Structures are given as C-alpha cells and as structure tokens.
Amino acid sequence: MGFLDTRPIKTGSLKLLAISVFSSVAVFYPVAMAQQVTPSDLEAGASSTDSQAVFQRQSTGSNPGTTGGGSATDSDNAIEVGDYARAEAVAAERLKTVQGGVAEIALRLSLIEAKMWQGKFQTLPKELKIVSSMLNKTPNVSPNLMARYLDDQSWMTQIGGDAVKAEVQAREAIANWKKAEQTDISFLCGGIDHLAHLLEDRGAFAEATKWYQESLALHAKAQGPRSVACANQMERIGALAFRNGDPALAQKMYADALAIKEGTRAVLQQFAPQKAEDAVFYRFLPGAPNVSRETADGVTREKITANGVTVEAALLTKGADVLKNSKAMVRITNNGDSPISVLPQGPDLIILKPRIQLAKQVQGETLAQTIEKKGESKAKWIRFWGSQATTTSTTNVIGNGAGFFPYGGYMSPNFGYGGPMGYGGNSWYNNSGGMTTMMTSMPDFQARERAYQRAQAVSDQTQRQAADVRDSELGPTTLNPMGRIVGCLFYDQNNFDEATLRIPIGKAVFEFRFDHLR
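Position in the sequence shown (from 1) plus 1 gives the number in the working numbering.
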C-alpha cells in the first residue's frame, strides 16, 4: 500500500461531518490555532549540525527578581503555557502604564520573549538595546533579571549567526542566575540547556554532557525524577550519547524518557493548555526505539510511535500540485485502546534553514482554486495562439497569374482581399522568366485542432490536480481504535533546506525533522 493509498479524510467546510475510515468514525471540528516557534526551533535552526533540541521555554512567573516585582507575572504565565500572542498583548498593554525601573525592564523582556517565540525577530535587536540602556541606569537590578536579559541577548546573537559570542553571553547569564539569592530554577535550567546545545554544536561533547546532567539534577529536584521535564533532559543526554558513539547510554536514556512520556498517556487525552515543562513532545531522535526512517523514490518518510499511535510524515518541496508550496504527507494509525484527537491544534512547519521562520499553512480549497486559475490561464493562451495557426501554400503560375498584387503580396481571386494581416496574402513571390512563384498564407485547421486538444488536456489535468488537493487535505478529526487516516498539509513556501514539522495528537505533539530537502 502506498503512502497515500488509503482514502483521506477531507476538510473543506468547517461544518461537523462524519466519515468512516477503516471502520472508524472521524468527526470534524473547526480548524485550530497553530502553534508558534519555541526555543527548540531556534536552537535547531541556528545549529549547523543535525542535533535534536528538546528544550521548551519554562517560566513559573513566580520569582519577583525575574518578573520585576510581579509586573510581568501575567505575560510570563502566558508564555509558560505557550500562549505567546496573549503574552505579547498583555505585556504591550501593561507597558503603557508602567514606566521605568525593574518593572518596565521585566515587562520589556517578557514582550521580547513573546515576540521571539512567534518568530517576530525584526524589531528585537532594537528592543534589546533599550533594555540594555535601562539596565545601565537602574540600580539594584536582580541577578535573575540581568541573567534573563543576557539569555535573551544570547538567543538573538545565535540567531544572527555568531555562536561564539552567543556562548559567552549564555555563560554570563548562568553565572548571574547562580549568584542570585533566590535563583529562578526554571530559567536557569533553560539557560543551561541553551549553553549545552551551543557546546554540543561545536563538538564540545564532554562539557555539554556535564551541563545536561546538571540540568537533569535540577529538574529532578524541582519537578521530580519521573517528570516530563526530566524525560526531555534524558532525551538530550541520549541524543548526545548517540552522536558521540555511546549507543548503550543512548538506548538507556531513550527508553527511560519514552516510558515516562508514555506513562502520561498524553496522546490519548483531549487537548488543554498546559505548562511548557509538562508538554509531551515525541521527537524523531536518531537511534530511539520508537522511531524509524526510510527513503524511497527520493522521498524520506519518518515514523514515530507512542501509546500505540503511529504517525508517519514525509515533506515534499516540489510537485505539480504544490506550485510554489510545500506539502507534508501524513499517515496516522491508531492501534491504541482509545479514540484520539487529530490536529486539536494547528500543525506547524517551522523552517530552520536558510533562515528561521514559520511557514504559513495554505488551505486546500485556496490552493485548489489557485491551481485551477493558473491552469485555465495556460489553456486560454494555448487556445489563443492555436487559433492563429496558419500554413503556407506555394503556387507556380505561368505569366503573372489571374490575380492582382495589392499592398503586402499577391491575392488569389479565389480568396478575396486579405492584405498583410489577412489570409490569402503571399509573403514572397518571384516573377521572372514568365513564371510566377507565390507563397500564400492560409488557416491550418489541423494545427488549430491540435492546439484546442492540448488546451483541453491542460484544463483537464489541472482540474484533476485541484480535485486531488481538495480530497487529500488533512484536518481536525477524531480517530477511533484500529483506525487509519492519511492526508496532506500545504504550506506557502518550498525554498528551504531544513524544517521541523509538528503534528499535534491529543495533548501530545509528534515532531519530525527533515533536512537536505534541496
């Protein structure tokens, strides 16, 4: 069976629909809001290696030194649950009334982070300069707040391509967090993970491992040794061990992390907002026991399994039906014991290279209409130029013939006046030696018919392509046990080398990493 051989569930209308798929019922819901860029994506995108980042932004919003005495608590809490748009709105609104001091600094940093995780990088260097100026003028700034600024600065430096300077800033951030009287542990762990990733990226595996292990110990103390935060850290250590040629340690870390995450049964739960540190991501980690990869006909397909649910994905950047778009082909199989919610949030395609950005999802109906419009335009031109097709008739006449010579050439008495723009006008003639040779233009009805047939073929082909897009689009649905669903997701860009694809299932997210796409 091919990757998309199973009849896909189609989403065109936002009405409630039901359709049977492999004896399972699929119920449709309105399209959900997409996720946003996270530090995981920034790490992966700024990296020049194929390492897998698993960090999620964490912020309890409870440390007054970090939140500026509480001014940024609300926006930080929104960041904590991944509601970056709300965090941006809250911070921006509160900045209208909070002026000066650590309160404004904390709010500005919260606003910067909310924008950063949405991929809104353009204004951040300028905004960080404002914060830097305020820090220099403000007395008694908490080391936690200074560390937060340095950590944000490190992220932007890394995004800008200067990993060496980013590492220096990351070390300064950690040093500030550690000298605080009440260290903000969640921010410290994020800073440590960031530094460790930078070290891993440049091949300093031993030091990176040391930092990852320190972060694991901090998470175990703060959230418990069987927490999702610890599982994420185990995956980091496992991925680094796999890269460093230690498969035994890698397998142990991977197995322990998978057991913790599957124990949450997040895949089988209904989606609800949650803390970033509790969010379950099943990532494609090379060497992990629940993943596999295969390549056929130039297309790489990745597979991830958790709680009896298998999600397979392939990413195409070329194809007759994608125009200048990319297409993700997805197959989901529910071998578990409970129904699962497919795409309760919008799926995300996060471009990592050549530069980090969120690709915009294109609805199937919109893409289908574009295909039809372009196809009909092409067919129209084929018909137009085909209708002008002519052929040339050559005639030899003794003497000067029975016709006459209007401007533009010889005119046969059988054709009537046509002139240089009409039929019957000859474009060349020779009248010498009592013999006249005439080349007369006339309609080529066979060529016209061939053009009309070609135009119809183009129109038919684009209609089929548009219908395929409409029929194959994957949208929100419920998939019952032993059910399978396949479909496609379309995005507005195809000119990139590396990307991360996220497929939300229940309260979990299946995350795939594709590179060497061009």
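Each residue gets a CB set at the ideal place from its N, CA and C atoms; glycine is no exception. Since we're looking at a predicted model, the values are computed, not measured.
What beta strand (DSSP E) runs, 3 residues minimum, are completely inside the region 333-368? List check, beta strand (DSSP E) in window: 341-343, 349-354.
Identified DSSP bridge partners for P444: DSSP lists T391 as partners of P444.
Is Y85 closer than 8 Å to W118 when the C-beta atoms are compared? Against a cut-off of 8 Å, the Cβ pair of Y85 and W118 comes out as a contact.
In three-state DSSP terms, what is E182? Looking at E182 - three-state DSSP - the assignment turns out to be coil, as it is neither helix nor strand.
First and last residue of the uninterrupted beta strand (DSSP E) at F243: Going by DSSP, F243 is part of no beta strand (DSSP E) but of the alpha helix (DSSP H) stretching over 229-244.
Simplified DSSP state of S155, which is helix, strand or coil: Here S155 sits in helix by DSSP.
According to DSSP, is S293 helix, strand or coil? Strand, per DSSP.
Considering only DSSP beta bridges, list what R284 is partnered with. Answer is E512.
Classify D298 as buried or exposed, calling it buried when 16 or more other Cβ atoms lie within 10 Å of its own Cβ. Counting of Cβ neighbours within 10 angstroms places D298 among the exposed residues, the total staying below 16.
Mark E474 as exposed unless 16 or more other C-beta atoms lie within 10 angstroms of its C-beta, in which case mark it buried. So E474 counts as buried.
Cα-Cα separation between V510 and Q275, rounded to whole angstroms: Going from the Cα of V510 to the Cα of Q275 covers about 13 Å.
For F385, count neighbouring C-beta atoms within 10 Å of its own C-beta (all shown protein chains included) and say buried if the count is 16 or more, exposed if not. By the Cβ-count criterion, F385 is exposed, with fewer than 16 other Cβ atoms from all chains shown falling within 10 Å of its own Cβ.
Hey, how far is the Cα of G161 from the Cα of G192? So the two alpha carbons sit approximately 18 Å from each other.
Can you grab the Cα-Cα spacing for the pair T479 / A273, in whole Å? Answer to the nearest angstrom: the Cα atoms are 16 Å apart.
On the CB-based measure, 16 or more other CB atoms within 10 Å of its CB, does V300 come out buried or exposed? By the 10 Å Cβ count, V300 comes out exposed.
Nearest residue (CA-CA) to N481, options E168, S342, M439: Residue S342 is the option with its Cα nearest to N481.
Which of the three DSSP states, helix, strand or coil, is assigned to A500? A500: strand per DSSP, three-state reduction.
Where does A73 fall in DSSP's three states? The answer is coil: DSSP assigns A73 none of H, G, I, E or B.
Can we say the region 304-318 touches the region 326-341, given the rule of at least three CB pairs closer than 8 Å? They touch, by the three-pair rule.
If you draw a straight line from the alpha carbon of G476 to that of Q464, how long is it in whole angstroms? Here the C-alpha atom of G476 lies approximately 22 Å from the C-alpha atom of Q464.
Alpha-carbon spacing of P355 relative to A164, whole angstroms: The C-alpha of P355 lies about 16 Å from the C-alpha of A164.
Determine the DSSP secondary structure at L518, reduced to helix, strand or coil. Three-state result, L518: coil.
Report buried or exposed for N495, applying the criterion of at least 16 other Cβ atoms within 10 angstroms of its Cβ. It counts as buried.
Let me make sure I understand the geometry here. Which of Q214, A258, K381, R203 has the alpha-carbon closest to that of D461? If we check each option's Cα against that of D461, K381 comes out closest.
Contact the region 357-376 vs the region 501-516: 3+ CB pairs below 8 Å: They do not touch, by the three-pair rule.
N- and C-terminal bounds of the beta strand (DSSP E) containing T479: Per DSSP, T479 is one residue of the beta strand (DSSP E) stretching across 478-480.
Which same chain residues end up closer than 7 Å to I383 when comparing Cβ atoms and leaving out the 5 residues on each side of it in sequence? Within the same chain, I383 has close Cβ partners A452, R455, A456, V459.
Nearest CA to the CA of A73: which residue from L108, E373, D194? Comparing Cα positions, the closest option is L108.
Determine which residues share a DSSP beta bridge with M330 and list them. BP columns for M330 point to A315, C489.
F446 burial status per 10 Å Cβ neighbour count (16 or more: buried): Taking every protein chain shown into account, the CB of F446 has fewer than 16 other CB atoms within 10 angstroms, so this residue is exposed.
Since I believe T501 is in contact with F491 (beta carbons under 8 Å), could you give me their beta-carbon distance rounded to a whole number of angstroms? Not a contact, Cβ separation roughly 17 Å.
With the cut-off set at 8 Å, would you say Q1 and G347 are in Cβ contact? Because the chain is modelled from 2 through 519, residue 1 falls outside the range shown and cannot be assessed.
Assuming L110 and D153 are in contact, meaning their beta carbons sit under 8 Å apart, how far apart are those beta carbons, in whole angstroms? That belief holds up - the Cβ atoms of L110 and D153 are roughly 6 Å apart, short of 8 Å.
Through-space distance from S293 to A315, alpha-carbon basis: Spanning the two alpha carbons is a distance of roughly 12 Å.
Compute the distance between the beta-carbons of C489 and M330, then report whether it is under 8 Å. Contact flag set, yes.
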